[in-house]
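Here the structure comes first, spelled out in structure tokens, and everything after it is commentary.
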Amino acid sequence: MINKQLLQPESIVVIGASNDIKKPGGNMLKNIISGGFKGELNVINPKEEKVQHIKSYTSVHEIPKTDLAILAIPAKYCIETIKILAEEKNTKAFIIISAGFAEAGEEGKRWEQEIEKTVNSVDGCLIGPNCIGVITKNYKGVFTAPVPPFQPKGCDLISGSGATAVFIMEAGMALGVSFANVFSTGNAAQTSAEDILEYMDLHFDPEVDPLVKLLYLETISDPKKLLKHASSIIKKGAKIAAIKAGSTAEGSRAATSHTGAIASSDMTVRALFNKAGIVYCSSREQLLSVAAIFNYKKLQGKNIAIITHAGGSAVMLADQLSKGGLKVPEIAGPDAEKLKSFLYPGSSIANPIDFLATGTAEQLGIIIDYCEHKFDQIDAMIVVFGSAGLFDVENVYNVLSVKLEICNKPIFPVLPSVVNAQREIQSFLKKGHIHFPDEVVLSKALAQVFNTPEPMPEEISGFEIDTKKIRKVIDSASEGYLSTSQTVDLLDAASIPRVQEIVENLKEKLLAAIQTTDFPIVMKVVGPIHKSDAMGVVMNIANKDEASETFDVLMKIEAATAVMVQPQLVGLELFVGVMKEPGFNHTILCGLGGIFIEVLNDVSAGLSPISRNEAEKMVQSLRGYKLIQGARGKKGANEGIFIEIIQRLSALVEAAPEILEMDINPLIGTQRAITAVDARIRIGK
Numbered sequence: 001m002i003n004k005q006l007l008q009p010e011s012i013v014v015i016g017a018s019n020d021i022k023k024p025g026g027n028m029l030k031n032i033i034s035g036g037f038k039g040e041l042n043v044i045n046p047k048e049e050k051v052q053h054i055k056s057y058t059s060v061h062e063i064p065k066t067d068l069a070i071l072a073i074p075a076k077y078c079i080e081t082i083k084i085l086a087e088e089k090n091t092k093a094f095i096i097i098s099a100g101f102a103e104a105g106e107e108g109k110r111w112e113q114e115i116e117k118t119v120n121s122v123d124g125c126l127i128g129p130n131c132i133g134v135i136t137k138n139y140k141g142v143f144t145a146p147v148p149p150f151q152p153k154g155c156d157l158i159s160g161s162g163a164t165a166v167f168i169m170e171a172g173m174a175l176g177v178s179f180a181n182v183f184s185t186g187n188a189a190q191t192s193a194e195d196i197l198e199y200m201d202l203h204f205d206p207e208v209d210p211l212v213k214l215l216y217l218e219t220i221s222d223p224k225k226l227l228k229h230a231s232s233i234i235k236k237g238a239k240i241a242a243i244k245a246g247s248t249a250e251g252s253r254a255a256t257s258h259t260g261a262i263a264s265s266d267m268t269v270r271a272l273f274n275k276a277g278i279v280y281c282s283s284r285e286q287l288l289s290v291a292a293i294f295n296y297k298k299l300q301g302k303n304i305a306i307i308t309h310a311g312g313s314a315v316m317l318a319d320q321l322s323k324g325g326l327k328v329p330e331i332a333g334p335d336a337e338k339l340k341s342f343l344y345p346g347s348s349i350a351n352p353i354d355f356l357a358t359g360t361a362e363q364l365g366i367i368i369d370y371c372e373h374k375f376d377q378i379d380a381m382i383v384v385f386g387s388a389g390l391f392d393v394e395n396v397y398n399v400l401s402v403k404l405e406i407c408n409k410p411i412f413p414v415l416p417s418v419v420n421a422q423r424e425i426q427s428f429l430k431k432g433h434i435h436f437p438d439e440v441v442l443s444k445a446l447a448q449v450f451n452t453p454e455p456m457p458e459e460i461s462g463f464e465i466d467t468k469k470i471r472k473v474i475d476s477a478s479e480g481y482l483s484t485s486q487t488v489d490l491l492d493a494a495s496i497p498r499v500q501e502i503v504e505n506l507k508e509k510l511l512a513a514i515q516t517t518d519f520p521i522v523m524k525v526v527g528p529i530h531k532s533d534a535m536g537v538v539m540n541i542a543n544k545d546e547a548s549e550t551f552d553v554l555m556k557i558e559a560a561t562a563v564m565v566q567p568q569l570v571g572l573e574l575f576v577g578v579m580k581e582p583g584f585n586h587t588i589l590c591g592l593g594g595i596f597i598e599v600l601n602d603v604s605a606g607l608s609p610i611s612r613n614e615a616e617k618m619v620q621s622l623r624g625y626k627l628i629q630g631a632r633g634k635k636g637a638n639e640g641i642f643i644e645i646i647q648r649l650s651a652l653v654e655a656a657p658e659i660l661e662m663d664i665n666p667l668i669g670t671q672r673a674i675t676a677v678d679a680r681i682r683i684g685k
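Under UniProt numbering, the first residue of the sequence shown carries the number 1, and numbering increases by one thereafter.
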């Protein structure tokens, strides 16, 4: 629970403070002093009379009452110390930088739990343990370096890793990224990143609070809280970029469905971030590039003008922008020819606009003015300008600085000459600007920002489904995979169109049942988890005799319990599925179906409940989307019905949260209908 004593303490005690600033307790105290803390500051070190010119107490019993205690002592001594502070010194905020707690084993975990219990008993706030501390405008409570100057409109940083927070601040300061509040949560025994974001949301004032929030998450302890408050604060005007570490497929458990085989924690996290409006980042470099983009004017369209004197950089930049869904449109016409007349012979204005290594500051200004006022199709500019070390580029950067302020279209400066133009870059940064040292990193980050949707509405209107029937099936079922009849009942209750089928374990009954069926038909084994892998799917059965022979073959397959007969449908094979990650809402997946689901891995994901807008984006983001639309003379599938099936699947799992995995693979799609051919559902209770 974030409180005033943590953010605005009137008194701080550093327990384990030292005169040796190479020790955590020593550097912590040094940073608090040099950071200009204006309240009462006390220290405890039984071996010293004074620590960094401050009177040192020998015991926590001796100190006056204090708002905030920062502990830099061995883990085993923290329990008793915090108990005294909470019960005798009216302390309501605690930062434990010490390690040796839950990350070290069961004993450390018990210590954490005991400390959390004590802090909760006084409605206090605990940061850590095993963290670097906290920075606010009131004090610099970290033991690391560098300590960035507090900038009220800088970036708030919340990090589960102290070391990573340091690396982010170091690299960010070099680019011109500034910081405001910094929270290192460490083991997050009581206060998690979600709790801090909740506080920021509930107390957010866009006029005075930082508008950019950067998150480094190693765990998401409360996905629903993260979604709620990230969405809320973004809607209020903030922007969030985040890294979620530890989300690879290798970290996922083995699964028995196709969905389980392709879904990963990373896919679920991405779906959560998309729903909240958080920009997903995969590295510190990308996180800081996104932070820099957030500090410039918002990109309103896809069309980018590349302005440079470096042809190779322009090519790499154009390639990457195109891969990210942005465009570098050709610039031509009378205005383009007029612009060319201001440039040296050999310059190119087609876009990229290459005004040669000899290009001047005046020419750069003219180019920017044309992109701003003459070329209406251009939405933003990326300026790549370095130095070969032959002349001073400060005039160029001065022009760029002015244009950044006065132009309505965003301009993103790539200043790659960090050695040759080091002095000029530093001068540029001192004016409050941020630069990008690499054009490819910028373009990836720019595409990620542009393609991140706005937060989805909290209330999503769904389709009418037979919830009563769904609950009856689920409540009467056992854990594990549902039977064919139970699966069919759930599909029907959700009004998901399915193929009509016959299931029998006696040949005579099956042959009698198919007398009125049109051939060709498909016959499938019932029992084995993966029918295709068990050679349990036979197509193009043309008559009753072939059906009889096929029945015998299928029933000999290990684990076979029956045979299913379906009419053989022709169309585009599609796929939808469900995966449930602990703590998260259901992840809904869609893509191309059949055997291609695992071969192509062309799937997109959303977090339930799914709105129509989300379902549309899921379908349209598929690499195989053109096949759904129809390509090369082949008819596609009905996109509207596919979108509705995704929404109905979402409504089904909302009514039946016990569903852990689900495949509908394939769905056979035509322009008139989409029909579920095969489905498997696994539940847990």
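Cβ atoms here follow ideal geometry from the backbone N, Cα and C, with glycine treated the same way. Only a predicted model underlies this, so the values are computations on that prediction, with no experimental measurement involved.
- Apart from the 5 residues on each side of it in sequence, P457 sits with its Cβ closer than 8 Å to the Cβ of S611 in its chain, given in chain order.
- By the neighbour-count criterion, in which a residue is buried when 16 or more other Cβ atoms sit within 10 angstroms of its Cβ, F94 is buried.
- Contact annotation: G100 and P64 have beta-carbon atoms that are not nearer than 8 Å.
- Taking a 10 Å sphere around the C-beta of S56, we find 16 or more other C-beta atoms and assign the residue as buried.
- When the Cα atoms are used, D354 and A615 turn out to be separated by approximately 41 Å.
- Per DSSP, the continuous alpha helix (DSSP H) segment holding E112 begins and ends at E106 to S121.
- With respect to C125, Q5 sits close: the two C-beta atoms are nearer than 8 Å.
- By the CB criterion at 8 Å, A271 and L607 fall inside the cutoff.
- A straight-line Cα-Cα distance of about 10 Å links G365 and S401.
- Secondary structure note for V603: its beta strand (DSSP E) is the uninterrupted segment V603 to L607.
- Per DSSP, reduced to three states, the secondary structure at A631 is strand.
- Cα atoms of E112 and V290: separation of roughly 35 Å, rounded to the nearest angstrom.
- DSSP, read as helix, strand or coil, puts M535 in coil.
- Nearest C-alpha to F294 among A655, V449 and V677: V449.
- Taking a C-beta distance under 8 Å as the contact criterion, V396 and A357 do not qualify as a contact pair.
- Between L71 and T81 the beta-carbon gap is near 6 Å, inside 8 Å, which marks them as a contact.
- Judged by DSSP secondary structure, D552 falls within the alpha helix (DSSP H) whose first and last residues are K544 to M555.
- Taking a C-beta distance under 8 Å as the contact criterion, K556 and I659 do not qualify as a contact pair.
- Taking 8 Å as the cut-off, the beta carbon of T191 is found no closer than this to the beta carbon of I97.
- The C-beta distance from H61 to I84 rounds to 7 Å, short enough to meet the 8 Å contact threshold.
- Under the DSSP assignment, E558 falls outside any beta strand (DSSP E); it carries neither an H nor an E label.
- Taking E394 as the centre and dropping the five residues before and after it, the same chain places the C-beta of E424 and S427 closer than 7 Å to its C-beta, in chain order.
- Assigned with DSSP and collapsed to three states, A188 falls in coil, not helix or strand.
- The C-beta distance from M564 to I541 rounds to 12 Å, too long to meet the 8 Å contact threshold.
- The beta carbons of T550 and N274 sit about 45 Å from each other, so the pair does not count as a contact at 8 Å.
- For I15, the closest C-alpha among the options V51, A421 and L506 is that of V51.
- In the DSSP assignment, I132 is bridged to no other residue.
- A residue is called buried once 16 or more other Cβ atoms fall within 10 Å of its Cβ, and S461, having fewer, is exposed.
- In this structure, DSSP gives F150 an extended state, which the three-state scheme calls strand.
- In this structure, the beta-carbon distance from K239 to G324 does not fall below 8 Å.
- Between the stretch 466-483 and the stretch 648-657 there are three or more C-beta pairs closer than 8 Å, enough to call the two in contact.
- Here A637 is buried: its Cβ has 16 or more other Cβ atoms, across all protein chains shown, within 10 Å.
- With fewer than 16 neighbouring CB atoms inside 10 Å of its own CB, D20 falls in the exposed class.
- With the rule of 3 Cβ pairs closer than 8 Å, the stretch 626-641 does not count as touching the stretch 299-319.
- No Cβ-Cβ contact shorter than 8 Å links A493 with P528.
- Assigned with DSSP and collapsed to three states, D209 falls in coil, not helix or strand.
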